[in-house]
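Okay, structure first, notes after.
Residue numbers (this note's numbering): 317 to 689.
Right under this line is the structure:
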């Protein structure tokens with residue numbers, strides 16, 4: 317099997333997505349490719365993937381690689397991590413007989429991953445589930461104890477311009493089923509007009525639906541420049557020591573941002589921001605709330621998330637998976653009932669008003685003549 321195309325590379329798949337065009341070869345370094353990354357790669361319509369890490373380890377049940385294969389995207393793995401230093405973006409790369417060629421020169425070996433291998437590793441992940449769950453719970457409890465003072469003490473919030481007090485707040489993370497869930501609550505958004513907070517790429521998720529984020533918050537490694545320019549306010553997530561990697565990007569783009577120094581994930585601090593500024597209700601879409609979600613992010617526990625949700629739980633509505641409560645394919649009988657209910661007022665009016673009754677009778681006769689009754 318031979319594959320040839322333009323290569324795009326990045327060790328962070330969520331950054332690589334913004335560079336990809338249909339037909340590109342994606343060079344990445346992503347152990348256990350998660351479902352969200354897989355869906356983004358599928359949407360990008362890449363020709364194939366070259367991964368310098370194990371696409372699936374069997375550490376936990378991971379459906380991402382299987383989705384790629386089911387959508388006809390070949391996956392190649394290579395142990396030669398030096399390829400990242402050799403290859404440049406927008407150059408031609410070719411895979412022939414499990415060998416990688418760049419500028420017509422051999423640069424490394426690779427292996428085409430078969431679906432049977434992925435299925436075996438997925439089964440292994442399922443068998444490992446209970447062991448990993450035990451480890452995950454231990455890690456969560458350890459860090460929850462270690463960080464509990466952070467959540468019980470007063471948190472130093474950045475001063476913001478967006479009015480949150482007594483309003484609904486919608487926090488969007490680009491997690492599993494975010495598109496379907498956002499679509500399911502569009503009427504709620506239209507009617508309630510909540511404050512819109514995008515966590516990193518969640519800002520772009522809002523833009524996909526024509527919604528401008530009031531706030532984009534996070535380390536800004538997976539949000540587009542367009543979103544940063546359009547949003548009304550930017551908050552950069554910094555480490556407790558004040559170091560904020562995302563600030564460099566803000567300065568490079570000539571933008572302004574506030575700093576929020578805190579432990580926890582970016583979605584944790586987004587929820588705390590909304591809660592501590594007096595939100596009436598916090599609705600979350602696409603957030604991470606279970607072991608698989610966190611393992612896919614490379615996190616071995618969810619201590620900070622457990623603490624945050626324990627604190628704000630009375631105001632939090634987790635809308636993840638809400639789309640599953642609605643069946644878009646209404647049965648035909650509902651359309652019949654709808655049509656009959658619409659005709660009912662006309663029927664009643666015709667019975668009360670003789671000229672209308674005569675007109676409807678004439679229409680009925682013409683229809684019968686047309687269809688041969």
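From the three backbone atoms N, C-alpha and C, an ideal C-beta is built for every residue, glycine too.
Treat the numbers as computed from the prediction; the structure is a model and nothing was measured.
Proximity of residue i and residue j at Cβ, strictly below 9 Å
i	j	result
residue 499	residue 639	yes
residue 515	residue 489	yes
residue 458	residue 376	no
residue 492	residue 602	yes
residue 478	residue 416	no
residue 391	residue 381	yes
residue 577	residue 554	yes
residue 504	residue 521	no
residue 595	residue 635	no
residue 580	residue 632	no
residue 607	residue 449	yes
residue 352	residue 549	no
Closest Cα partner of residue i within the set the options
i	options	result
residue 320	419, 368 and 570	419
residue 453	633, 610 and 634	610
residue 564	382, 537, 585 and 470	537
residue 327	384, 344, 397 and 382	344
residue 518	583, 482 and 576	583
residue 364	544, 409, 559 and 352	409
residue 324	399, 369, 529 and 384	399
residue 544	559, 567 and 413	567
residue 429	621, 372 and 464	372
In DSSP terms, what residue i is bridged to
i	result
residue 417	410 and 422
residue 600	487 and 634
residue 428	392
Environment of residue i [buried if 16+ CB atoms lie within 10 Å]
i	result
residue 626	exposed
residue 509	exposed
residue 421	exposed
residue 525	exposed
residue 529	buried
residue 379	buried
residue 542	exposed
residue 512	buried
Proximity test, residue i beta-carbon vs the ligand NAP heavy atom, cut-off 8 Å
i	result
residue 344	Looking at this structure, you won't find the ligand NAP or any other ligand, since it has none at all.
Residue i at chain C interface by Cβ criterion, 9 Å
i	result
residue 383	No chain C is part of this structure, which consists of one protein chain only.
In chain order, each beta strand (DSSP E) run of at least 3 residues that lies wholly inside the stretch 508-583: 511-515, 531-534, 549-554 and 574-577
Contained alpha helix (DSSP H) runs [length at least 4] in the stretch 437-485, N- to C-terminal order: 445-468
Sequence ranges, alpha helix (DSSP H) only - wholly within the stretch 599-628, length at least 4: 607-612 and 619-628
4-residue-minimum alpha helix (DSSP H) runs that sit fully inside the stretch 369-412, ordered along the chain: 380-386 and 399-402
4-residue-minimum alpha helix (DSSP H) runs that sit fully inside the stretch 335-360, ordered along the chain: 351-360
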